[in-house]
Amino acid sequence: MTSSAPSGPQRSLTGIQATSDSLHLGNYIGALAPVVALQEEYDSFL
Numbered sequence: 013m014t015s016s017a018p019s020g021p022q023r024s025l026t027g028i029q030a031t032s033d034s035l036h037l038g039n040y041i042g043a044l045a046p047v048v049a050l051q052e053e054y055d056s057f058l
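Adding 12 to a residue's 1-based position in the sequence shown gives its number in the numbering used here.
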């Protein structure tokens, strides 16, 4: 049996769901900043 590495960039899917209509500092630090940091390595979908 052989295993193959995935072709192309891997994907990152987040389950971010806002609790209100506004973006606040807690949303940015807790959820959005890590996604922004990973977008260079992964295809990110919010």
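Beta carbons: idealized from backbone N, C-alpha and C, even for Gly.
Cβ-Cβ separation between Ser19 and Tyr54: approximately 14 Å, too far for a contact (criterion under 8 Å).
When DSSP states are grouped into helix, strand and coil, Leu37 belongs to the helix group. According to the DSSP assignment, Leu44 belongs to no beta strand (DSSP E), since it is labelled neither H nor E. Straight-line spacing of the CA atoms in Ala45 and Thr31 works out to 17 Å.
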